[in-house]
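Here is the structure we will look at, set down as structure tokens.
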Amino acid sequence: MSSKLTLLGLFAVAVLFHVGLAQQARSCPGRQRYGQCQCQIQKLQALRPSQQYESEGGLIEVWLQNNQQLQCAGVTLVRQTIRHNSFNFPGYNNAPKLTYVGQREQGEQARTIRADEHQKIRRIRQGDVVANPTGHVHWFYNDGEEQLVLIHLIDTGSNSNQLDQQFRKFYLGGNPQSEREHGQHQQGPYQGEEQTYYQQRFESNNIFRGLDDEILQEVLGVSRETVEKVKGIGDVRGHMVQARQGLQLVRPSRMEEEEYRHGGSSSYGNGFEETICTARMRENIGNPARADVYNPEAGYIRTVNRMNLPILNYLQLSAERGVLYRNAIYAPHYNLNAHTIIYVTRGSARVQVTGNYRQPVYDGQLSEGQVLVVPQNFALTKQAGQGGFEWVSFKTDANAMTNSLAGKTSAFRALPVDMLASMYQISRQEAENLKYNRGQEVMIFAPSSTGRGRALP
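Residue numbers (mature numbering (1 follows the signal peptide of the UniProt record, and there is no 0)): -22 to -1, 1 to 435.
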């Protein structure tokens, strides 16, 4: 009797060669050739996608990558919706990518066939963070009954990107340009030269398209007709296509799935560099039972960094998943060594961001589907609305460090009471209150008794 799998989708990396995972330090001078160290931002805005690309197998939505805030962080964001029984054309990027799986679906029965060489296929589920290094071929296939929603952060400011700051996708098949050529491209709010500048740099093409037919016939050992299909000539399906008869793929073994459901490998390395063939490439951050910070009255936070997913040391990226219950507060805090890119997955919150200016650079509502970029060292606080608040944050360091400005781990706890009294011209008792009140709560604070209650299941 066939059983339904409760996992979602498939992710694969075609391993074309072995490569050592040497740490690539993220330094401002390395980014400065693109001007990305000059974050002269005095006002932040909540961002929504500015471009859409409809294809046979789904929808791609892109946040304009020459936006000042995204340029400051040196990143591009893409939201990809893959329909049932569809996949995106395999390809590789010019920069490392971190993907958050944002929607749960019901997987079909897995079918096992003879193993293919040099590929690594893994099932993914809601809450997974998937790492993909620069230049490695990968694809996603949705064998669930409903849509698969993926949030991709591409770190175009990474030192592993030796091109320019624009996101470039190199496909191994299809004709992605057909979406614009056949009128499926939907314009966003940017017009004229700015829009042309963007389109020229986002829209990529089949890497085989510019190669000579006879050479491809020779090296691939196929007919001219097959070469034309490999080059995507006449293909109008776009970035993603339907597998009408489904895909027969090598699925992970039951032992591997059991290991994954129980938290996966806990290896941190043993002095030898890992290779892409053996590196674990995903970690689930959606389970509150494994939260790093948990408050039963307020919510939880779960992070993934180089400590629990070592490949991130190579990508120099990390991520945070957060849930705030109704009216709960994420205490004011800042990141010591990373920019933060917040994507709201559910609910809404009042968010304030302040830098070294008299006024906040952002003070407003942030709601589902919006993105906010918080520069390094800018202080940030969130208060959930009546419906609660959920988000995922991508951070531009493999071990992003956070300093809290309130609670048990706050900077106040490290300062002498007398110093606080003198700094703020308050009594010693008031200084003790400032230092120790709410001293048992960490990062996430429960609301007052009048505002308590969960709104999120």
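Where a beta carbon is used, it is the ideal one built from N, C-alpha and C, also for glycine.
Burial is judged here by how many other beta carbons sit within 10 angstroms of a residue's own beta carbon; V107 has at least 16 and is buried.
Here the alpha carbon of V208 sits roughly 13 Å from the alpha carbon of V214.
Shown here, P274 sits in coil according to DSSP, grouped into three states, outside any helix or strand. Taking each of R100, L225, N377, R146 in turn and checking the Cα distance to H317, the smallest one comes out for N377. By the neighbour-count criterion, in which 16 or more other beta carbons inside 10 Å mark a residue as buried, V197 falls on the exposed side. With 16 or more other Cβ atoms from the protein chains shown falling within 10 Å of its own Cβ, Q143 counts as buried. Beyond the five residues adjoining it in sequence on each side, N381 comes within less than 7 Å, by CB distance, of H311, Y312, L314, A389 in the same chain, given in chain order.
DSSP lists A327 as the bridge partner or partners of A362. With contacts defined as CB atoms closer than 8 Å, V352 and L358 qualify as a contacting pair. With respect to the 8 Å criterion, G36 and S64 are classified as neighbours on the basis of their beta carbons. Linking T59 to D133 through their CA atoms gives a straight-line distance of about 20 Å. Straight through space, the alpha carbons of D396 and E261 are spaced by roughly 45 Å. The beta strand (DSSP E) runs of length 3 or more contained entirely in the region 377 to 419 are, from start to end of the chain, 380 to 382. Comparing alpha carbon positions, the residue from E32, R57, I19, Q30 closest to T323 is R57.
DSSP lists no bridge partner for N153. A straight-line Cα-Cα distance of about 48 Å links V420 and A221. Rounded to the nearest whole angstrom, the C-alpha separation of N283 and N265 is 16 Å. Contact annotation: P74 and L295 have beta-carbon atoms nearer than 8 Å. Within the DSSP bridge table, the entry for S28 names no partner. Beyond the five residues adjoining it in sequence on each side, T332 comes within less than 7 Å, by CB distance, of P338, V339, F356, A357 in the same chain, given in chain order.
Selection P425, L293, A276 evaluated against L76 yields L293 as nearest (Cα-Cα). About 7 Å separates the beta carbon of G300 from that of E368, a gap short enough to meet the 8 Å contact definition. Look at R336 here: in three-state DSSP terms it is coil, with no helix or strand label.
In terms of Cβ geometry, Q348 and A24 form a close pair [threshold 8 Å]. Counting only the Cα atoms, G385 lies some 10 Å from L412.
Annotation for M379: L314, N315 place their beta carbon closer than 6 Å to its own, counting only its chain and skipping 5 residues before and after. If you draw a straight line from the Cα of H130 to the Cα of G365, it comes to about 26 Å. DSSP, reduced to helix, strand and coil, places D106 within a strand of the structure shown. Collapsing the DSSP output to three states places V349 in a strand. With a cutoff of 8 Å on beta-carbon distance, G210 and N184 are scored as near each other. Taking the C-beta atoms as reference points, A424 is found nearer than 8 Å to A306. Note that the C-beta distance between I422 and G277 is below 8 Å. Here DSSP, grouped into helix, strand and coil, assigns E203 to helix. Within the model, the alpha-carbon separation for G212 versus P154 is close to 11 Å. Residue environment for R280: buried (at least 16 other C-beta atoms within 10 angstroms of its C-beta).
Straight across, the Cα-Cα distance linking S201 with Q195 is about 6 Å.
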